[in-house]
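Colleague: Supplied in structure tokens, the structure appears directly below.
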Amino acid sequence: MKHRGRHRRRRQGRAVRAFLAGTALALTAAATMISASQATVGDNPGALTPLTRSAQTAALRLQERPVPQATLDQLSAGMGKPVGVSAVLETADRSLRGADSCTDTERTALPVAPAATRAYCWDAADTRAWRAGAVTTSGDADDDGWWNDNRVILSGWSQGTADRGLARVAFVDAGDLTHLRYASALLVVPQDGGRNYRALSSRLSGMVWYQDKLLVTAADGLYVYDMNRVQRTTVDSGAVGRVERGWSANGYRFVLPAIASYRLTGGREAPRIGTISLDRATAPDSLVVGERTVADSDHPARLWRYDFDKNPSRPGLLSTDTTGSASPVEAFETEASGIAGVLSRGNEWYVTRAPSNTDRHGTLWRQDREDAQATRCGEENGPRCWGIEVGPLSYWEATGEVWSQAGGMLFAVPMGSIDEALA
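Residue numbers (this note's numbering): 11 to 433.
Pasting the structure below:
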């Protein structure tokens, strides 16, 4: 189990600060070839507009709904003692390919500028019919970047529909960044007092691993998972839940059962949560949220944050009042639409915007209350410099890298390179 105090150690992980310049040049060359047709100008979302009136933020309130402890205990009694992250990593038997082994089509998901310094592609056979989504790391879980003795990347995938879908998380062993191995666990929700479970049917467009909790996006809020409550399955079948001879999860060896959820209470005025990330530049640390809108929408999108609870008895959960309600501590409107990823570092917000119908590439903006700036590239210094497919953002503070996932690619870009491109 993770120690409560944030441990610091000398470690080989410091070497990750040395970025792969040669790889960056190679990836830039490949991406530049597909960027020539981008438009010369882009829509400027302008400055962020603060939302300060209670009528504007009421729709952003979340209601915490814990799964009863008796339900979780019943599930453990039936499935066996829960295990942790290390148990999943020990079974990692699949590998990601390095950028040199990825196809040109796969590499279109990479940003044109600034260049990715790490890039990997997934096994097509393992991801066929699955949609790439959220990404988070042990850099979110603990500020030193480690989870016990492991460096880990979590990659979210989903398939199917809202009522007949599956969601899974790949646990990627990032101890050796030259050879990433992984194993997956299915996300589930306890049923019938813990005597069964169902698959989580949700698009994993956002995911944050904070302390020992994993928060993932749902249609009308968030689901919460305890990283110390991974359960082993006992039957290899296509079913999900309790079966005649034990427990099955569509062929996966592990499940993560939800321990709580947060539901938006704003009714028709509530936004669709699209993406989330962690901000350690606030006190306390906060969960950053971006509203999901279509890329061509003329409806302003909202960006907001919730504080994490400082109570040591509630690690990884949001700060709530006596009624279990979590209220936003800051909220803004942005003219950016189609937001796929969001980061915040104090007063500065970074958003990735999906390509519109007339664009080939996405855009990365940095916004504050005064203006907005985009990364630029190409002979015409245009703003559409992100990948053709745009995904979420996760900042690994200990290494200074921003991780993202789009299409079949998992990649990292130095935050320093992003800020330099925005200067």
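All C-beta atoms in this analysis are idealised placements derived from N, C-alpha and C, irrespective of residue type, glycine included.
What do you get for T113, buried or exposed, if any count of 16 or more other CB atoms within 10 angstroms of its CB means buried?
Modeller: exposed
Colleague: May I ask which residues mark the beginning and end of the beta strand (DSSP E) holding S354?
Modeller: Run containing S354: I349 to R355, per the beta strand (DSSP E) assignment.
Colleague: Taking Cβ to Cβ, would you say G155 is nearer than 8 Å to R161?
Modeller: yes
Colleague: Measuring alpha carbon to alpha carbon, tell me which of S148, P200 and V93 ends up nearest L210.
Modeller: Checking every option, the nearest Cα to that of L210 belongs to P200.
Colleague: Alpha carbon to alpha carbon, what distance is there between V304 and V245?
Modeller: 40 Å
Colleague: Taking three-plus beta-carbon pairs below 8 Å as touching, is the segment 284-293 in contact with the segment 401-409?
Modeller: yes
Colleague: Which same chain residues, not among the five before or five after A193, have their C-beta less than 6 Å away from its C-beta?
Modeller: Taken in chain order, the residues that qualify are V98, T101, A102 and F181.
Colleague: What does P76 pair with, by DSSP beta-bridge criteria?
Modeller: A270
Colleague: Regarding L224 and the ligand ADP, is the C-beta to nearest heavy atom distance less than 7 Å?
Modeller: Judged by which ligands are present, the structure shown has none, so any question about the ligand ADP falls away.
Colleague: Are the segment 76-88 and the segment 258-276 touching, with three or more C-beta to C-beta distances below 8 Å?
Modeller: Two segments are said to touch when three or more pairs of C-beta atoms, one from each, lie closer than 8 Å; by this definition the segment 76-88 touches the segment 258-276.
Colleague: My guess is that G326 and Y220 are in contact by the Cβ rule of under 8 Å, so how many angstroms apart are they, rounded?
Modeller: That belief holds up - the Cβ atoms of G326 and Y220 are roughly 5 Å apart, short of 8 Å.
Colleague: How far does the alpha helix (DSSP H) with A97 in it reach, from first residue to last?
Modeller: V95 to L99
Colleague: Specify whether the segment 115-129 and the segment 386-395 touch according to this definition: at least 3 beta carbon pairs, one from each stretch, less than 8 Å apart.
Modeller: yes
Colleague: Can you name the residues that DSSP bridges to E430?
Modeller: Paired residue(s): none; E430 is not in a bridge.
Colleague: Assign T333 to one of two classes, buried (16 or more other C-beta atoms within 10 Å of its C-beta) or exposed (fewer than that).
Modeller: exposed
Colleague: Under the rule that 16 or more other beta-carbon atoms within 10 Å means buried, what is V26, buried or exposed?
Modeller: With a pLDDT of 41 at V26, under the threshold of 50, the modelled position of this residue cannot be trusted; read the value that follows with caution. Looking at its Cβ environment, which holds 16 or more other Cβ atoms inside 10 Å, V26 is buried.
Colleague: Compare the Cα-Cα distances from P338 to each of N54, Q73, A57 and G56 and report the closest residue.
Modeller: Q73
Colleague: Pull up the distance between the alpha-carbon of A336 and that of I283, whole angstroms please.
Modeller: 15 Å
Colleague: For D159, is the classification buried or exposed, using 16 other Cβ atoms within 10 angstroms of its Cβ as the cut-off for buried?
Modeller: exposed
Colleague: Closer than 7 Å by C-beta to R14: which residues in its own chain qualify, once you throw out the five before and the five after it? Chain order, please.
Modeller: For R14, the pLDDT reaches just 39, beneath the cut-off of 50, and the residue's location in the model is therefore unreliable, leaving the point undetermined.
Colleague: Under 8 Å, do G149 and T409 count as touching if we go by C-beta distance?
Modeller: yes
Colleague: A57 and A346 look like a contact to me (Cβ under 8 Å); what is the Cβ gap, rounded to whole Å?
Modeller: With 8 Å as the limit, A57 and A346 do not qualify as a contact, their Cβ atoms being about 11 Å apart.
Colleague: Check this for me: beta carbons of M217 and L164, under 8 Å apart or not?
Modeller: yes
Colleague: Among residues of its own chain, excluding the 5 on either side of W314, which ones have a beta-carbon nearer than 6 Å to its beta-carbon?
Modeller: Taken in chain order, the residues that qualify are L70, V299, P338 and A341.
Colleague: For I398, which beta-bridge partners are listed by DSSP?
Modeller: DSSP lists no partner for I398.
Colleague: Work out the CA separation of R178 and L196 for me, nearest whole Å.
Modeller: 4 Å
Colleague: On a Cα-Cα basis, can you pick out the residue from G417, E407 and W396 that is closest to Y130?
Modeller: G417
Colleague: Which of helix, strand or coil does DSSP assign to M237?
Modeller: coil
Colleague: Leaving out five residues before and five after T137 in sequence, what residues of the same chain have Cβ atoms less than 8 Å from its Cβ?
Modeller: Non-local beta-carbon contacts of T137 in its own chain, meaning distances under 8 Å to residues more than five positions away in sequence, involve W167 and G418 in chain order.
Colleague: In three-state DSSP terms, what is D103?
Modeller: coil
Colleague: Just to confirm the assignment: which complete alpha helix (DSSP H) runs, minimum length 4, are found wholly within the segment 126-153?
Modeller: 134-137 and 148-151
Colleague: Could you check if E116 is buried or exposed, using at least 16 other CB atoms within 10 Å of its CB as the buried criterion?
Modeller: buried
Colleague: Using the rule of at least 16 other Cβ atoms within 10 Å of the residue's Cβ for burial, across every protein chain shown, is P60 buried or exposed?
Modeller: The residue in question, P60, is exposed, as its Cβ has fewer than 16 Cβ neighbours within 10 Å.
Colleague: Which residues share a DSSP beta bridge with E301?
Modeller: I283
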